[in-house]
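Student: Numbering (my numbering), first residue to last: 6 to 267.
Glycine included, each C-beta is placed from N, C-alpha and C at the ideal position.
What follows is the structure, encoded as structure tokens:
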């Protein structure tokens, strides 16, 4: 998007420019959401894969348990009944999941449009900072989503969906509950992976420094272990390590990022 002379543009010119940007964003999301809606089977094969006992994580853990002779890592076969309890729920969930997919697929273009709109109002140094953090922030957010998809959500789902207070009370998980938990955890993990970016910005504002983060390293580790234990309520230490290690590495990365700030 070409730069505009912000001093020559009136408030209504800016408003018209914003309207055009929002229109392009909506069109991009709608088009990609329609494509995702049309691809119903592959879309829900992808979304529902973590609920199946043949998911890649479970196969990997079983192979690891066999090769390392650690039966505790093996994942027993399980079966979870998934039901729908409302008349229009499956259709509305199909639409909402397609919208989420459209937003995710269109996100690079959305970021490009937003940056093109605000960049003329930024100083050169501010523009350089934005360009410096945009790609890492987007990449980290995707890494958080992938960690949730491949590790955190499958383990949490298997534990919670098979947990019973009594054998006389079977678990039947609603589709809406599954999708809601999946999207919420994906968003939370994506946001959690933005820790280095937030640390970089706070460091630029001189609100934190590397020495402070190093001083609270032990406290951060305890907090990470508590959070990991909550979001993955399984009993083995290996699963806890799978979740807590990436979060701790992000904290260490934040220390390096803040240390490198001028």
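For residue 271, count the other beta carbons within 10 Å of its own beta carbon; 16 or more makes it buried, fewer makes it exposed. Which is it?
Tutor: For the chain, the structure presents residues 6 to 267; residue 271 sits outside this window and is missing.
Student: Taking only runs of the alpha helix (DSSP H) that begin and end inside the region 145-178, which ones reach a length of at least 4 residues, in chain order?
Tutor: Taking only runs of at least 4 residues, the alpha helix (DSSP H) segments lying wholly in the region 145-178 are 158-167.
Student: Would you grab the beta carbon distance between residue 233 and residue 252 for me? Rounded to a whole angstrom, and I think it's under 8 Å.
Tutor: Walking along the chain shown from the start, residue 233 turns up at place 228. Walking along the chain shown from the start, residue 252 turns up at place 247. At roughly 7 Å, the Cβ-Cβ gap stays under 8 Å, so residue 233 and residue 252 are in contact.
Student: By how many angstroms is the C-alpha of residue 156 removed from the C-alpha of residue 26?
Tutor: By 1-based counting over the chain shown, the position of residue 26 is 21. By 1-based counting over the chain shown, the position of residue 156 is 151. Taking the straight line from one Cα to the other gives about 36 Å.
Student: For my contact list, residue 352 and residue 93 are in at a C-beta cut-off of 8 Å; report their separation, rounded to the angstrom.
Tutor: With the chain running from 6 to 267 in the structure shown, residue 352 is simply not present.
Student: Please go through the region 188-267 and give each complete beta strand (DSSP E) segment of 3 or more residues, from N-terminal end onward.
Tutor: The qualifying runs do not exist here; there are none.
Student: Which of the three DSSP states, helix, strand or coil, is assigned to residue 86?
Tutor: Residue 86 sits at position 81 when you count from the first residue of the chain shown. Strand at residue 86.
Student: With a 10 Å radius around its C-beta and 16 neighbouring C-beta atoms as the bar for buried, classify residue 197 as buried or exposed.
Tutor: Counted from its first residue, the chain shown places residue 197 at position 192. It counts as buried.
Student: Entirely within the region 49-78 and at least 4 residues each: give me those alpha helix (DSSP H) ranges in chain order.
Tutor: Qualifying alpha helix (DSSP H) stretches, in chain order: 61-73.
Student: Rounded to whole angstroms, what is the Cα-Cα separation between residue 175 and residue 161?
Tutor: Taking the chain shown and counting its residues from 1, the one referred to as residue 175 is at position 170. Taking the chain shown and counting its residues from 1, the one referred to as residue 161 is at position 156. Answer to the nearest angstrom: the Cα atoms are 18 Å apart.
Student: Using CA atoms only, rank isn't needed, just tell me which of 220, 86 and 226 is closest to residue 163.
Tutor: To locate residue 163, count along the chain shown from 1; it is residue 158. When only C-alpha atoms are compared, the closest one is 86.
Student: For residue 30 and residue 115, I'd like the C-alpha separation in whole angstroms.
Tutor: Within the chain shown, the letter at position 25 stands for residue 30. Within the chain shown, the letter at position 110 stands for residue 115. If you take the alpha carbons of residue 30 and residue 115, they lie about 6 Å apart.
Student: Please classify residue 15: does DSSP put it in a helix, a strand, or coil?
Tutor: Your numbering for residue 15 matches position 10 in the chain shown. Residue 15: coil per DSSP, three-state reduction.
Student: Counting along the chain, where does the alpha helix (DSSP H) carrying residue 44 start and finish?
Tutor: The sequence position of residue 44 within the chain shown is 39, counting from 1. Taken as a continuous stretch (DSSP letters only), residue 44 belongs to no alpha helix (DSSP H), as it is neither H nor E.
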